[in-house]
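For the sequence shown, full-length UniProt numbering begins at 1 and goes up steadily by one. The beta-carbon is built from N, C-alpha and C at its ideal position, and this holds for glycine as well. Owing to the predicted nature of the structure, the values given are computational and were not obtained by experimental measurement. Scroll down for the structure; my scribbles are underneath it.
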Amino acid sequence: MQSTLTDRTVLVTGGAGFIGSHIVESLATNNQVRVLDDFSNGSRMNLPTDVEVIEGDVRDDGTLSRAMQDVEFVFHHAAMVSVEESVTKPRACQEINTAGTLSVLDHARMEDARVIVPSSAAIYGTPDEIPITETARKRPTSPYGISKLATDHHVQRFDELYDLPTVVLRYFNVYGPRQGHGDYSGVISIFLEQAHDGGPITVEGDGTQTRDFVHVDDVVRANLLAATTEHTGDAYNIGTGETISIRELAELIRDVTGSTAEIVHRDRRAGDIPESCADVSKARRRLGYEPSVALREGLTSIADSTAVL
Ligand code: UD2
1 MQSTLTDRTV LVTGGAGFIG SHIVESLATN NQVRVLDDFS NGSRMNLPTD VEVIEGDVRD
61 DGTLSRAMQD VEFVFHHAAM VSVEESVTKP RACQEINTAG TLSVLDHARM EDARVIVPSS
121 AAIYGTPDEI PITETARKRP TSPYGISKLA TDHHVQRFDE LYDLPTVVLR YFNVYGPRQG
181 HGDYSGVISI FLEQAHDGGP ITVEGDGTQT RDFVHVDDVV RANLLAATTE HTGDAYNIGT
241 GETISIRELA ELIRDVTGST AEIVHRDRRA GDIPESCADV SKARRRLGYE PSVALREGLT
301 SIADSTAVL
């Protein structure tokens, strides 16, 4: 994917991780791209050879200051991304996600850099209404969701209080190549691996729960649009507006992989939300965002690229 940014100095924190590395890939050819990553989840194998890599933690001010030097754009993807891990380490989650983002924002003020920060559907908790609009009630159910909600507010306020251009992107269920790396992966990479290994495919609960799965290429496009939009200081849902149940997803994955794996059900996950679907009309209207990868097509391309593994 070609970026609209050229000849810029860009920092991607968490750039060796799943989503961050796709952003790096889209920018590396035409820009000076720097990556800050502690490699707790990411991998050097995800990175092109021509990017500058700084290994370290966003909580370390010296490292962050080096990484932020002379940057014009920051895509801040370094975070604790596992909901489960946040439940066992709520304080670390707050320190990495919220305090870490505040440090990035402080440095961005000094550099006058635009900052694009992912938030999450986790901030909404169990929705009252579907599809979920940006103004929906927010009742996060995990330390992860709480940290993202606080971050989301801070990022927007920096635009208003300090005249720093910022954009918040609230990701729904992102999937795509490289998601399987690290300890934390979503249901699609789990099901693809199970289908590939001959099964069984394990559906948690009765499988009627629904999700809005958005391909990482669409998420990258949203980030690039956020880098140039005049509508800063605001937050946008990034999903597709389409949903599928987890049982149907298991069947679709069997179909696209040609697998005969059995689909089995096990206990419902504690705290699982029954429905999730983004209303993306605000992102459409103000960013020009248009989700373009249909689920079947996205799954097929990942299944094809991993078929030889
Ligand atoms: C997503 C985000 C999470 C947070 C949350 C907020 C991902 C990977 N995670 O969690 O970061 O933002 O939304 O609501 O995008 N499932 C199975 N079998 C499996 C694994 C999962 O049936 O082997 C089910 C699971 O019970 C759930 C659904 O699949 O109903 C999606 O699970 P997930 O972990 O991919 O994502 P989710 O929506 O819990």
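List the whole-angstrom C-beta distance separating residue i from residue j, where the pair is believed to meet the contact cut-off of C-beta under 8 Å.
i	j	result
LYS148	SER120	5 Å
ILE23	ASN223	6 Å
ASN77	GLY17	The residue asked about is misnamed: residue 77 is His in this sequence, not Asn. The pair is a contact, with the Cβ atoms about 6 Å apart (cut-off 8 Å).
VAL155	THR101	7 Å
ALA226	LEU164	That belief does not hold up - the Cβ atoms of ALA226 and LEU164 are roughly 14 Å apart, past 8 Å.
VAL12	GLU72	13 Å between Cβ atoms; not a contact.
ILE188	TYR175	4 Å
Could you tell me which of the options sits nearest to residue i, measuring between CA atoms?
i	options	result
GLU251	VAL203, THR229, GLY62 and ASP267	VAL203
ALA122	THR6, VAL104 and ASP152	ASP152
GLN32	TYR236, THR6 and GLY207	THR6
SER43	ALA235, ASP61, GLN179 and GLY298	GLN179
residue 333	GLU52, GLY15 and ILE246	Absent from the structure is residue 333, since the part of the chain shown begins at 1 and ends at 309.
THR49	SER21, VAL219 and GLU242	SER21
Pull the bridge partners of residue i from the DSSP assignment, please.
i	result
LEU11	ARG34 and VAL74
THR202	VAL264
PHE213	ASN173
SER103	SER103 is not bridged to any residue.
SER245	THR210
THR133	Partner(s): none; THR133 has no beta bridge.
VAL167	ILE116 and ASP234
ALA278	ILE132
State yes or no: is the C-beta of residue i nearer than 6 Å to some heavy atom of ligand 1?
i	result
VAL83	yes
GLU209	Checking the displayed sequence, the identity of residue 209 turns out to be Gln instead of Glu. GLN209: yes, Cβ under 6 Å from ligand 1.
residue 311	Any question about residue 311 goes unanswered here, given that the chain covers just 1 to 309.
ILE253	no
ARG178	no
SER120	yes
ARG139	no
VAL220	no
GLU204	yes
ASN173	yes
residue 311	In the structure as shown, the chain starts at 1 and stops at 309, and residue 311 therefore has no counterpart that could be examined.
ILE190	yes
ARG269	yes
GLY298	no
ILE246	yes
GLY20	no
GLY17	no
GLY14	no
For the alpha helix (DSSP H) that contains residue i, what are its first and last residues?
i	result
GLU160	143-162
THR63	61-68
VAL216	216-228
PHE191	187-196
LEU5	Counting along the chain, LEU5 falls outside any alpha helix (DSSP H), and DSSP gives it neither H nor E.
PRO291	Segment: none, PRO291 is in no alpha helix (DSSP H) and carries neither H nor E.
Over the uninterrupted beta strand (DSSP E) stretch that includes residue i, give me the two end residues.
i	result
GLU52	52-55
residue 324	Residue 324 is absent from the structure shown; the chain starts at 1 and stops at 309.
ILE116	114-120
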